[in-house]
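Structure first, then comments.
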Amino acid sequence: MRYYSTNKQAPVATLEKAVVKGLAEDRGLYMPENIKRLPVSFFDQIEKKTFQEIAYTVADAFFGEDVEAEALKKIVYDTLAFDCPVVPVTDRIYSLELFHGPTLAFKDVGARFMARLLQYFIRQETTDTRPVNVLVATSGDTGSAVANGFLGVDGIHVYVLYPKGKVSKIQESQFTTLGRNITAIEVDGVFDDCQTLVKNAFMDEEVNDHLRLTSANSINVARFLPQAFYYFNAYARIKEMLGEEAARQTVMCVPSGNFGNICSALFGRKMGLPVKRFIAANNANDIFYQYLQTGIYTPKASRQTIANAMDVGDPSNFARIYDLHHGNHQEITSYISGASYTDEQIRDTMRTCFEENNYILDPHGACGYRALSEQLQEGEVGIFCETAHPAKFKETVESAIGVPVAIPDRLAAFMKGEKQSILMPKDFPAFKEFLMNE
Ligand SMILES: *Cc1c(COP(=O)(O)O)cnc(C)c1O
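So that you can map any letter, position 337 of the sequence shown is 337 in our numbering, and since no number is skipped, the others follow by simple counting.
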């Protein structure tokens, strides 16, 4: 499969190039040249298949031309070492729980898949056999998903740059306690300084001669496309529980920030996933919501909210959604609606959902649940993505619902680990010297 850039000014790329480079030369996002429709027979029997079987069929449609079948199967099965169950919350709203992975958030799926695919390409290569170094700047959650996704993967070293004192203790523990092939770098600055250091390293010739570098940001096709796996599985599980007729009335609601997660669901629909429509739920950062109302896309500075993984003022995957529909606003609004909630509304939703259903939402999932409660029509079934475990936002959730939130064992284990990180000033020469000695 070849991949083109959403900006259309860069040469088409192979899968390997798209994965290693992440972003095209013209700063556009890579898109697969075609999106294969899965056969009707696949959907006829889908409820009888396991998550891994379903995921492999989806993976094969995207990556089958470029990755040998047995290897791809192993990548998929290793990635999905945990379940993404569909759990009833009310009589017609279901939670697609995406927090059962190592860092308790949905980004685990994409990060684990990308790590294994990158390893596959490294092993195929005979000319450059040096290890690959992944540089990632994080304001919290991306660093932990990438670090844990790549943990113990041979031939790859990960450097996580994060702003000193600006990430929560829970988040910090998830990438500073790992050791092995993961190095945490604590930058004396803010997130933008971390990102600038990474960008400078990618542009520096000497550093690139010395080290093979790659990024693993969320726009990478190998992180973003595998998210489609769990939408197909969610459809299968609903069909299994409620039958085909009900499953076809499914509304998928995705709490969105950079819009990678919902975009992979829209790719799923292009592949034939027979769900009815989609909702993108936002916090106060309502850029996409405004676009749906007006047809005009106006990026803004991001606003800080209690659903902070969605604090994005210029969602990068908007370019993919736009491209997928050839910029046709009417087509987009024909099956995607939006919602935008204040922190107050998010808190209220966490409280009422707990009181009414005894289900604890995290602040992101709360946006999804609320949008379904407000917009679901007669006869429809709603599934929202619960994108993170509520314990990751313990204080916020507890103050909203008024009862303690238990910390799962694997999260507690991170917090017991010993912090190992390298302090780094925010200026590039110091970071360069560090990399040149690696
Ligand atoms: C990253 C993230 C989101 C937003 O996902 P996008 O793919 O950026 O739209 C939502 N919730 C949580 C918990 C996240 O970590």
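The beta carbon of each residue, even a glycine, is placed where N, CA and C say it ideally should be.
Every value quoted in this text rests on a predicted model; they were computed, and no experiment measured them.
Query raised in the report: Which whole-angstrom value is the C-beta distance of V442 and A234, which I expect to be below 8 Å?
Result: The first residue shown for the chain is 1 and the last is 438, placing residue 442 beyond what the model contains.
Query raised in the report: Taking the C-alpha atoms as reference points, what is the distance between Q467 and M241?
Result: Since the first residue of the chain shown is 1 and the last is 438, residue 467 is not available in this structure.
Query raised in the report: Cβ atoms of P299 and D286: under 7 Å apart, would you say?
Result: Here residue 286 refers to the residue found at position 286 when the sequence shown is read from its first residue. Here residue 299 refers to the residue found at position 299 when the sequence shown is read from its first residue. Contact: no.
Query - DSSP state of M31 mapped onto helix, strand, coil - result: On the sequence shown, position 31 is the one that residue 31 refers to. Strand, per DSSP.
Query - First through last residue of the alpha helix (DSSP H) which encompasses T352 - result: Residue 352 sits at position 352 when you count from the first residue of the sequence shown. Run containing T352: D343 to N357, per the alpha helix (DSSP H) assignment.
Query - Start and end residues, alpha helix (DSSP H) containing Y56 - result: As a first step, residue 56 must be located in the sequence shown, where it is residue number 56. Per DSSP, the continuous alpha helix (DSSP H) segment holding Y56 begins and ends at F51 to F63.
Query raised in the report: Does DSSP put E186 in a helix, a strand or coil?
Result: By 1-based counting over the sequence shown, the position of residue 186 is 186. In the structure shown, E186 sits in a strand (DSSP, three-state: E or B).
Report task. Report yes if the C-beta of A105 is less than 6 Å from at least one heavy atom of ligand 2; otherwise report no. Result -> Because ligand 2 does not appear in the structure shown, any question about it cannot be addressed here, the ligands present being ligand 1.
Query raised in the report: Can you give the Cα-Cα distance for I93 and A371, rounded to whole angstroms?
Result: On the sequence shown, position 93 is the one that residue 93 refers to. On the sequence shown, position 371 is the one that residue 371 refers to. So the two alpha carbons sit approximately 11 Å from each other.
Query raised in the report: What residue ranges within the segment 231 to 293 form continuous alpha helix (DSSP H) runs of no fewer than 4 residues, ordered along the chain?
Result: 244 to 247 and 260 to 270
Query raised in the report: Taking C-beta to C-beta, are H389 and L104 nearer than 7 Å?
Result: Along the sequence shown, one-based indexing puts residue 389 at 389. Along the sequence shown, one-based indexing puts residue 104 at 104. Their beta carbons are under 7 Å apart, which means H389 touches L104 by this criterion.
Query - Pair within 7 Å by beta-carbon distance, S144 and M415 - result: Counted from its first residue, the sequence shown places residue 144 at position 144. Counted from its first residue, the sequence shown places residue 415 at position 415. Against a cut-off of 7 Å, the Cβ pair of M415 and S144 comes out as no contact.
Query raised in the report: Per DSSP, M415 is paired with what?
Result: In the sequence shown, counting from the first residue as 1, residue 415 sits at position 415. According to DSSP, M415 bridges with nothing at all.
Query raised in the report: Closest by CA to G110, which one among Q195, Q227 and F63?
Result: The residue you call residue 110 lines up with position 110 of the sequence shown. Of Q195, Q227 and F63, the residue nearest in Cα terms is Q227.
Requested in this report: Taking Q290 as the reference, give the member of C194, T333, A265 and L435 with the closest Cα.
Outcome: Reading the sequence shown from its first residue, position 290 is the one you call residue 290. Ranking C194, T333, A265 and L435 by Cα distance to Q290 puts T333 first.
Query raised in the report: Helix, strand or coil for L423 per DSSP?
Result: For the purposes of this step, residue 423 is taken as residue 423 along the sequence shown, with counting starting at 1. L423 falls in the strand class under three-state DSSP.
Query - Sheet register partners of A388 (DSSP bridge) - result: For the purposes of this step, residue 388 is identified with residue 388 of the sequence shown, where counting begins at 1. For A388, which the question treats as bridged, DSSP gives the partners A105.
Query raised in the report: Do the segment 263 to 271 and the segment 302 to 310 make contact, defined as three or more Cβ pairs closer than 8 Å?
Result: no
Report task. Reducing DSSP to helix, strand and coil, say where V134 ends up. Result -> Looking up residue 134 in the sequence shown gives position 134. In the structure shown, V134 sits in a strand (DSSP, three-state: E or B).
Query raised in the report: Would you say V136 and V146 are within 7 Å of each other, going by their C-beta atoms?
Result: In the sequence shown, residue 136 corresponds to position 136, counting from 1. In the sequence shown, residue 146 corresponds to position 146, counting from 1. Against a cut-off of 7 Å, the Cβ pair of V146 and V136 comes out as a contact.
Query - ligand 1 heavy atom lying under 6 Å from the CB of F428 - result: On the sequence shown, residue 428 is found 428 positions in, with the first residue counted as 1. Result no, Cβ not under 6 Å from ligand 1.
Query raised in the report: What is the DSSP secondary structure of H100, counted as helix, strand or coil?
Result: By one-based count along the sequence shown, residue 100 stands at place 100. The answer is coil: DSSP assigns H100 none of H, G, I, E or B.
Query raised in the report: Would the C-beta of N261 count as close to ligand 1, meaning under 6 Å from any of its heavy atoms?
Result: Residue 261 sits at position 261 when you count from the first residue of the sequence shown. The answer is yes for N261.
Query raised in the report: Along the chain, where does the beta strand (DSSP E) that runs through Y297 open and close?
Result: The residue labelled residue 297 in the question sits at position 297 within the sequence shown. Run containing Y297: none; DSSP gives neither H nor E here.
Query - Alpha carbon of R2 to alpha carbon of D323, nearest angstrom - result: As a first step, residue 2 is located in the sequence shown; it is residue number 2 there, counting from the start. As a first step, residue 323 is located in the sequence shown; it is residue number 323 there, counting from the start. Taking the straight line from one Cα to the other gives about 16 Å.
Report task. State buried or exposed for T349, treating a residue as buried only when at least 16 other CB atoms are found within 10 Å of its CB. Result -> The residue labelled residue 349 in the question sits at position 349 within the sequence shown. With 16 or more Cβ atoms within 10 Å of its Cβ, T349 is classed as buried.
Query raised in the report: Should the segment 67 to 85 be regarded as contacting the segment 116 to 125, the criterion being three or more beta carbon pairs within less than 8 Å?
Result: yes
Query - Simplified DSSP assignment, three categories, for S218 - result: The residue labelled residue 218 in the question sits at position 218 within the sequence shown. Here S218 sits in coil by DSSP.
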